[in-house]
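Student: What follows is a single structure, and I will ask about it in a moment.
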């Protein structure tokens, strides 16, 4: 099952901070086409400004101290065929004893800190809404978790890790929240452990395969009306834009993550640009401060397995781009809640959410993007509170833990 | 004689640049690697570590530079409509045969002008048995020691202009063309704009395009394709290889065609990152070429020390696809300018041979049993041999350039 969890403190060695500073001192920049804006990628002025800030003003130790106020732990999780992986996680319990155990799973280029703003809201006690015990791991290869060291670590392996983590903490039945690759892992996890361990789940990036005539004839027929259906066209246009313009990173990471990794491990400026481009593009007018951006990038730079490791997850999930992200999964009857955020770049026709699972809750927001938990924590927490609260569609779904005193 | 901006060019990387490179290499930080990864995930860690160690201590850039400077190199300003003047770097090696055929050699990515190096003695040699060539090998804008475009929109027409204007400025009003990779692709555009009038014939070692035969446009080629894929094992294998490239090998293309600037920060700041980015292609795209570490590092150094920096080169993917929203051959129609093609087994992919007719008026075909994407570098004798056959006495393109048939 797993050994006992040990408390964890982030403590980046002085030598690592010094190496970063030395590299930033030697930073060299490309030029830029006139009037490029964001068309060709992250703008030069932004990257120069952020690099200067990182070098001269950003205080990692201050960030580290604040991060260490979160209750963090590590524990060994055995994965069939892969041995033991030491997994890092945040575990914040509510004062409400029968709070609902909730597993929060980040994606790429996200990390465990995306849970930070949700914690006080979700764990707070109130007669008006349910409370949660929150577990937020660093996925294998991300943050302060070990990375798999053998090929073949795929969707079901990531699901196995997070499920075993919850079981090791005594949460035999729990609920799940995820977006980005956290959503993808959610699909695998509900396929493998739905209803038995995962009693319900919520996604803020409802994405899945297209319907086929056999999988869902009604949705398939609706899709065929697209040439005549403006609403459908609009919904596809966003997907087409993303596929044409926004998927370079995906194809590269799904096929040659090692080649890319040399750059990201060696160049803090390269890593900064690689991730910052997504932080800027995928949010809904979020007013990033330099400090927020650099703290985010620093978690990648100082991560346990190094900045090259996380991208291997794309290879693992698609077996080197040989199939889509959801190979081997199907629709499950585990109750599903969906949060639609207007700035989410990965979107498909809303009716397609029924392809994923048994949708019992839908919520349309007017603000927020891809990093919903970070950008709009109150809205995302609100979804969970409504979904699991008294009068909600999955109230009391975890036996004996309805979230109230 | 009209005033010329041509200046002889000597490569001379400043000491400070070499010192900075070494400072960065000293601070190199490497990723881990999965057990038994091999080449599955990209360039192997042991290779990159070994090359970095040699780059730090062993590889002699000044020695390589001195060798490169033995080539007759020049720069001159070339006007491109809407983009002003670009200072263009090129090799210009004349044959002692007065009526040698003027030939423009165009590299691709991640190639460079030095890919012509092994061809030069073969093509310019005087012989009663083979035609001779005056060879011009350009550094494409943004590559090697040519200036890069400063504005967006430098695409097919613009590349065609810079190439053609260079040859005209050298007094070659009529000439022939050879290219692979982007050299092939911009070749399609250059032949479209300046074929017959200036380009009398051309040759490609990467005969690919996005055209395909349909029942309406090319019924015979379509029927031939059906037969080829049914009965011809080599044709089926070629298509399978192409599909595998599309599935597994196009990450670099997608990224450079959409976010070359984002990628560029890594390539500009990390010599290790640049090394891995290019080395993966140098090995993956060649046919068991026995790379020495010095050869690899010289190649990477051209990118590292390039005039516009290593990030600029990747922009060609964005410009030629308009940010991945149009295809690279858009605007380059089929031309009746005589075309020769060479098939090398290690090329990234291949379509049925009959599809070469979709590229242009096919007058010459040659199939090899060895060699890959960087044909001029890997198999210079074979490639030069093809050009000799194509343009030599009795060849299908003999005498295409009036008054310059390659013989005295």
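Residue numbers (the working numbering), protein chains in the order written: chain A, 68 to 472; chain B, 1352 to 1759.
Beta carbons: idealized from backbone N, C-alpha and C, even for Gly.
1) Per DSSP, what kind of secondary structure is residue 1410 of chain B in: helix, strand or coil?
2) Would residue 1481 of chain B be called buried (16 or more neighbouring beta carbons within 10 Å of its own) or exposed?
3) Return the chain-ordered list of same chain residues with a C-beta closer than 6 Å to the C-beta of residue 1680 of chain B, the five sequence neighbours on each side being excluded.
4) Which value, in whole angstroms, describes the spacing of the CA atoms of residue 1733 of chain B and residue 1485 of chain B?
5) Which stretch, first to last residue, makes up the beta strand (DSSP E) that contains residue 1526 of chain B?
6) Looking at chain A, is there any beta carbon in it that lies within less than 7 Å of the beta carbon of residue 1616 of chain B?
7) On the criterion of 16 or more Cβ atoms from any shown chain inside 10 Å, does residue 1522 of chain B qualify as buried, or is it exposed?
8) List the residues of chain A that residue 1611 of chain B touches, going by C-beta distances under 8 Å, in chain order.
9) Just to check my reading of the structure: residue 456 of chain A and residue 443 of chain A have Cβ atoms closer than 8 Å, yes? What is that Cβ distance to the nearest angstrom?
10) Should residue 312 of chain A be flagged as near chain B, meaning a C-beta pair shorter than 7 Å?
11) For residue 318 of chain A, return the contacting residues in chain B, with the cut-off set at a CB-CB distance below 8 Å.
12) Give a yes or no on whether 7 Å exceeds the smallest Cβ distance from residue 1562 of chain B to chain A.
13) Measure how close the beta-carbons of residue 222 of chain A and residue 201 of chain A come, nearest whole angstrom, since I'm counting them as under 8 Å.
14) Step through the CB atoms of chain B and report whether any lies within less than 7 Å of the CB of residue 101 of chain A.
15) For chain A, find out if any of its Cβ atoms is closer than 7 Å to the Cβ of residue 1376 of chain B; answer yes or no.
16) Report the CB separation of residue 1375 of chain B from residue 361 of chain A in whole angstroms; it is logged as a contact under 8 Å.
17) Can you check whether the CB of residue 377 of chain A is closer than 7 Å to the CB of residue 208 of chain A?
18) Measuring alpha carbon to alpha carbon, tell me which of A/383, A/205, A/308 and A/335 ends up nearest residue 96 of chain A.
19) Taking the continuous alpha helix (DSSP H) assigned at residue 330 of chain A, which residues delimit it?
20) What does DSSP give as the partner residues of residue 1763 of chain B in its beta bridges?
21) When you compare each of A/346, A/119 and A/107 to residue 88 of chain A by their alpha carbons, which one comes out closest?
22) Alpha carbon to alpha carbon, what distance is there between residue 1718 of chain B and residue 316 of chain A?
23) To which residues does DSSP link residue 102 of chain A through a beta bridge?
24) Helix, strand or coil, according to DSSP, for residue 425 of chain A in the structure here?
25) Rank B/1566, B/1649, B/1714 and B/1505 by C-alpha distance to the C-alpha of residue 1407 of chain B and give the top, closest one.
26) Which whole-angstrom value describes the C-beta separation of residue 1439 of chain B and residue 1427 of chain B, a residue pair presumed to lie in contact below a C-beta threshold of 8 Å?
27) Cβ of residue 198 of chain A within 7 Å of Cβ of residue 235 of chain A?
28) Report the residue from B/1701, B/1579, B/1627 and B/1445 whose alpha carbon sits nearest the alpha carbon of residue 1593 of chain B.
29) With 7 Å set as the bound, which would you pick, yes or no: does the beta-carbon of residue 1502 of chain B sit closer than that to a beta-carbon of chain A?
30) Once DSSP output is grouped into helix, strand and coil, what is the label at residue 1555 of chain B?
31) Rounded to whole angstroms, what's the CA-CA distance from residue 1366 of chain B to residue 178 of chain A? Just pull it up for me.
32) Kindly say whether residue 1654 of chain B, judged by its beta-carbon, lies nearer than 7 Å to any beta-carbon of chain A.
33) Any beta-carbon of chain B closer than 7 Å to the one on residue 349 of chain A?
34) Which word fits residue 1611 of chain B, buried or exposed, when buried means at least 16 other C-beta atoms lie within 10 angstroms of its C-beta?
35) Give the interface partners of residue 1680 of chain B over in chain A, defined as CB-CB distance under 7 Å, in chain order.
36) Specify whether the segment 1603–1623 of chain B and the segment 105–113 of chain A touch according to this definition: at least 3 beta carbon pairs, one from each stretch, less than 8 Å apart.
Tutor: Taking the geometry as given:
1) coil
2) buried
3) 1539, 1560 and 1561
4) 19 Å
5) 1526–1530
6) yes
7) exposed
8) 107 and 108
9) That pair is no contact at about 18 Å.
10) yes
11) 1601, 1602, 1605 and 1606
12) no
13) Incorrect: roughly 23 Å between the Cβ atoms, too far for contact.
14) yes
15) no
16) Not really, about 21 Å apart at Cβ, beyond 8 Å.
17) yes
18) A/335
19) 324–333
20) Beyond the ends of chain B as shown, which are 1352 and 1759, falls residue 1763 of chain B; an answer cannot be given.
21) A/119
22) 36 Å
23) Note: residue 102 of chain A sits in no beta bridge, so no partner.
24) strand
25) B/1649
26) 6 Å
27) no
28) B/1701
29) yes
30) strand
31) 42 Å
32) no
33) no
34) buried
35) Neighbours of residue 1680 of chain B on chain A: none; closest Cβ ~18 Å, over 7 Å.
36) yes
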